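Asker: Mind having a look at this structure? Questions to follow.
2 protein chains.
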Amino acid sequence: MTEVVTDGRGDTRARVERAALELFSRDGYEQVTSDEVADAAGISRRTFFRHFPTKADAVWGDFHAHVVRLDELLTAGDGDQHVLASICAAYVQVNDYAEDELPLLRQRMRLILTEPALLAHSQTRYADVDRVVAEHVARRTGAAAGSLVPRLVAATTRAAATTAFQTWLADETVSLAVALHEAFDELAGGFPALEGPPG
Amino acid sequence: MTEVVTDGRGDTRARVERAALELFSRDGYEQVTSDEVADAAGISRRTFFRHFPTKADAVWGDFHAHVVRLDELLTAGDGDQHVLASICAAYVQVNDYAEDELPLLRQRMRLILTEPALLAHSQTRYADVDRVVAEHVARRTGAAAGSLVPRLVAATTRAAATTAFQTWLADETVSLAVALHEAFDELAGGFPALEGPPG
DNA sequence: TTGCCGGTGGCACCCGGTGCCACTAGCGTT
DNA sequence: AACGCTAGTGGCACCGGGTGCCACCGGCAA
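Sequences listed follow chains A and G, in order. Number 152 in the UniProt record's numbering belongs to position 152 of the first sequence; there are no gaps in the numbering. Number 151 in the UniProt record's numbering belongs to position 151 of the second sequence; there are no gaps in the numbering.
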């Protein structure tokens, strides 16, 4: 059933991912079993877990490629730029999606930031991002990658990026790039918005 | 077996927690089954899951009380203080442990920050912290708690606190309070350490 | 045809977590 | 003493995520 005969061109992987995104968005992550996702994609449960190590990973697309690209952007970046600016620029470029990819991205990010289990899982994926950013800061400052400042910059910039994604999700009008810049500007400036907006 | 007759004074809950901490530290979180923890504490697996909703929760002690205390400290805090300073002070006070509690705290935090599954789970617990801090910032600034700045401040200060815990774990000589202040100072000052320590 | 190999499916199993029921220990009531 | 209530417990069966193992099928080279 579900016409497995179709396609052949598109990887099964992409098909599974779409099915997962659709079902999770419709019924909630916890309510959908891996069996159901596999069925919807026309494969067996066992095969599902060959393509994705975890039910949660079906949502993430090729995230590893993003991390690699972020790393490349950071190492190749302008050395005269402020460190935070270079990180912001890299985040913006990695998240520079074409217009027609945005709906998928929204669906993806809404799940990740909304579903508790996926939010928890995200920590696992973001650990790679933090490592890459911390190493960049370490190169730029001469500090050890495991010391306070590189770790701190990596952790806080990722927090800023995540927050930017949240506001982007909540407000359709702002672009992702703008949201990222707003967040990074606050961060780099020591949170000027906290200096009493009334007087 | 295992002399269940003993105690009666100490909650079983505390006994289970100690057993969990010990076994997880010794053999690794994933290697220890909930059955083994229950056995070591002299209770059944079923009862274990009545005391802790999750295997991971056995590590967290009475974390909810900490969140409540953080909330109280924030709402009762000095209104003239800089917002970031008030958050820093609250974090420091909540984490003001007696000398003899530090080994337990180290064990706890090392597990949480080291074991991938526990790190992922921590996101779930820290969500409460973020909410409390965001509401504090919202009160102080007049912004909506769901808007950019409160969210951003909550997320980045928590990232700073977590980073402080990491450096505290790695270096026995620095106190937790000092580590927290260092991290918050960098954050509040827009990362002065990034302004080229060489020249 | 033979042999190899990557992708697949089925099966049994482990483990975390839950619903249900039965049991016990207390404790106040009559 | 018998009753009933309640809190804490243990056992059991079940679900769902994840894995190891084996068997199968397809393509492809020798």
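Beta carbons: idealized from backbone N, C-alpha and C, even for Gly. This one's a predicted model, so the numbers in the text were calculated from it and none came from an experiment.
For A:W60, name the three-state secondary structure that DSSP assigns.
Answerer: Residue state, collapsed to three classes: coil.
Asker: Give the single residue among A:R13, A:E195, A:R26 whose Cα lies nearest to the Cα of A:R110.
Answerer: Of A:R13, A:E195, A:R26, the residue nearest in Cα terms is A:R26.
Asker: State the Cα-Cα distance for the pair A:D35 and A:S44, rounded to the nearest angstrom.
Answerer: Cα-Cα distance, rounded: 7 Å.
Asker: Closest to A:G42 by CA distance: which of A:L113, A:A19, A:R106 is it?
Answerer: Per the Cα distances, A:A19.
Asker: Could you tell me the boundaries of the alpha helix (DSSP H) in which A:S25 lies?
Answerer: Element bounds for A:S25: 12–27.
Asker: DSSP state of G:Y91, grouped into three classes?
Answerer: Three-state DSSP puts G:Y91 in a helix.
Asker: Is the CB of A:V129 under 8 Å away from at least one CB in chain G?
Answerer: It does not: the Cβ of A:V129 has no partner Cβ on chain G nearer than 8 Å.
Asker: Kindly list, in the order they appear in chain A, the residues whose Cβ is closer than 7 Å to that of G:F191.
Answerer: The contacting residues are L84, V153.
Asker: Assuming G:S122 is part of the alpha helix (DSSP H), what are its boundary residues?
Answerer: Note, G:S122: alpha helix (DSSP H), 116–141.
Asker: Throw me the rounded Cβ distance for the G:W168 and G:A179 pair, which I believe falls under 8 Å.
Answerer: Contact holds; Cβ gap of about 4 Å.
Asker: Which chain A residues are close to G:Q166, counting only those with a beta carbon under 8 Å from its beta carbon?
Answerer: The answer, in chain order, is R151.
Asker: To test your reading of the DSSP string, which unbroken alpha helix (DSSP H) runs of 4 or more residues are found completely within the stretch 66–111 of chain A?
Answerer: Taking only runs of at least 4 residues, the alpha helix (DSSP H) segments lying wholly in the stretch 66–111 of chain A are 83–94.
Asker: Output the distance between the C-alpha atoms of G:V5 and G:F165, rounded to the nearest integer angstrom.
Answerer: Its pLDDT being 35, under 50, G:V5 is placed unreliably by the model, and the measurement read from it follows with that caveat. Between G:V5 and G:F165, the C-alpha separation is close to 38 Å.
Asker: Please classify G:F191: is it buried, with 16 or more other beta-carbons within 10 angstroms of its beta-carbon, or exposed?
Answerer: G:F191 should be labelled buried.
Asker: If we cut at 8 Å on Cβ distances, does G:H64 have a partner in chain A?
Answerer: No, G:H64 lies away from the interface with chain A (no Cβ there is under 8 Å from its Cβ).
Asker: At the level of alpha carbons, what is the spacing between A:T163 and A:E17?
Answerer: So the two alpha carbons sit approximately 25 Å from each other.
Asker: Taking Cβ-Cβ distances below 8 Å as the criterion, which residues of the stretch 67–80 of chain A are in contact with chain G?
Answerer: Cβ contacts with chain G: none found.
Asker: Does A:A143 pass the burial test, meaning 16 or more other C-beta atoms within 10 Å, or should it be called exposed?
Answerer: A:A143 should be labelled buried.
Asker: Below 8 Å on C-beta distance, what does G:E172 contact in chain A?
Answerer: Those within 8 Å of G:E172 in chain A number zero; the least Cβ separation is about 15 Å.
Asker: Which full runs of the alpha helix (DSSP H) of 4+ residues lie inside the UniProt DNA-binding region "H-T-H motif" (33–52) of chain A, going along the chain?
Answerer: As far as the UniProt DNA-binding region "H-T-H motif" (33–52) of chain A is concerned, its whole alpha helix (DSSP H) runs of at least 4 residues are 34–41, 45–51.
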